[in-house]
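Data first, discussion second: the structure below is written as structure tokens.
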Amino acid sequence: MPELPEVETVARGLSLRMEGKRLKTLDLHRPDLRRPMPTGLKALVEGRVILGIARRAKYVLMHLSDGGTLIVHLGMSGRMLLSDPGVPPTALEKHDHVVFTLEDGTVVRFNDARRFGLLDYAAPGQLADHRVFEGLGPEPLGNEFSGPVLAEALAGKSTPLKAALLDQRVVAGIGNIYACESLYYAGLSPRRIAATVTAARAEKLAQAIRDVLTKAIAAGGSSLRDYVQTSGELGYFQHQWAVYGKEGEPCPGCDCDKAIQRIVQSGRSTFYCAKRQR
DNA sequence: ATTGGTTCCTGCTGGC
DNA sequence: TGCCAGCAGGAACCAA
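The structure is reproduced here in structure tokens:
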């Protein structure tokens, strides 16, 4: 499920094939995804050159030559499917909701079965003020994120720590999987009340978040190279998770015989080791 | 204001 | 073998 590392991988992969090229057509095959498509979008972006592709939180940003920006959110099941270089694009498949055609013939399909995804647009100069970035917390891999910053964001919060990490206002880009994994490596219980995380623990958690995300991006990046060479398609990858999805399995990081537990918090599965995580 | 619960959607899985 | 309930989840939304 696309969280920060997966979105980063997708953005990098798209950069390789889309940057510096002109967007010939943008075809919308339905009027909405999670929200209605922006009005007049086609006319706003067609003919622009894609200057660069970046990521903020879980959003892919396509910077256009007139200063406008296309904003893509993959939701839960969203994928960006690239045509093979020098090969005529294949026919559209089910759930190909948005199709980008570049001047050199490259076709990129935004396929999203569950339609939790999003396509939006920021006019020139309006990106920073766009609604999707309102209240968004710091980038966990950026300089503005640190133990003290995290501690401050958690202070006064009476929610479980796991729920706080999923709150994009606390820190941007973390989803269910990396919240579980980060808490595991920090040795902190997902059930702990967020406000009880003081300086030392926040420092450890911030570091765990950075480590987990960095490693996941590295894994995605290496998979990406292979994947692009063989099929030209971007997808998601096999991950080595410590606790996520490992209910009943032994805790990998300590000698305890306690199996990894699954509990439900805020309606979502949390996986953790009750002995290692306090 | 904060927080917890619900909803959107479809594909896959497990149980009978 | 086939059916169907249950589950997966990001973020907007609503209600307390």
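When the count follows the numbering used here, it moves up by one through the first sequence with no breaks and lands on 278 for the last residue. Just so you know, even glycine gets a beta-carbon here, dropped at the ideal spot from N, CA and C.
query: Local conformation of Lys42 per DSSP, three classes; result: helix
query: Cβ neighbours of Lys42 in the same chain (closer than 6 angstroms, five flanking residues each side left out); result: Leu26
query: Per DSSP, the bridge partner or partners of Pro36; result: Asp32
query: Among Glu46, Ile177 and Arg56, the one whose alpha carbon lies nearest that of Val132; result: Arg56
query: The region 114-126 / the region 135-147 touching (three or more Cβ pairs under 8 angstroms); result: no
query: Helix, strand or coil at Val243 according to DSSP, with G and I counted as helix; result: coil
query: Option nearest Lys215 by Cα separation, candidates Glu181, Ser189 and Ala194; result: Glu181
query: Where Pro89 sits in the DSSP three-state scheme; result: coil
query: Status (buried if at least 16 other CB within 10 Å, exposed otherwise) for Gly276; result: Contrary to the premise, residue 276 reads as Arg rather than Gly in this sequence. Buried: at least 16 other Cβ atoms inside 10 Å.
query: Local Cβ density within 10 Å of Val87, reported as buried at 16 or more and exposed below that; result: exposed
query: Straight-line gap, Pro160 to Ile193 (C-alpha atoms, nearest Å); result: 5 angstroms
query: Leu234 to Leu33 span [Cα, whole Å]; result: Unreliable placement is indicated for Leu234, whose pLDDT of 48 sits below 50; the coordinate value is still reported in the next sentence. About 20 angstroms.
query: Beta-bridge pairing of Val108 - partner residues as DSSP gives them; result: Leu82 and Phe100
query: Through-space distance from Leu188 to Gln251, alpha-carbon basis; result: According to the sequence displayed, residue 251 carries Cys and not Gln. Going by the C-alpha atoms only, they are around 14 angstroms apart.
query: Neighbourhood of Gly156 by C-beta distance below 6 angstroms, restricted to the same chain and skipping five residues each side; result: Ala195
query: Whole-number beta carbon distance between Gly75 and Val45, since they are thought to touch under 8 angstroms; result: Their Cβ separation, rounded to whole angstroms, is 20 angstroms, which puts Val45 and Gly75 out of contact at 8 angstroms.
query: Residues sharing a beta bridge with Gln265, DSSP; result: Arg268
query: Backbone secondary structure at Pro190 - three-state DSSP; result: coil
query: Host beta strand (DSSP E) of Thr159 (start-end); result: Where Thr159 is concerned, there is no enclosing beta strand (DSSP E), given that its DSSP letter is neither H nor E.
query: Residues bridged to His130 (per DSSP); result: In DSSP, His130 forms no bridge with anything.
query: Secondary structure of Ala259, DSSP reduced to three states; result: strand
query: 6 angstroms Cβ shell around Ala259 - same chain, five flanking residues per side excluded; result: Gly248
query: Three-state secondary structure (DSSP) of Met18; result: helix
query: 8 angstroms contact criterion, which Gly78 and Pro2 should meet: CB distance rounded; result: 7 angstroms
query: Test item: CB-CB of Val149 and Tyr185 under 8 angstroms; result: no
query: Alpha carbon of Ile217 to alpha carbon of Arg278, nearest angstrom; result: 27 angstroms
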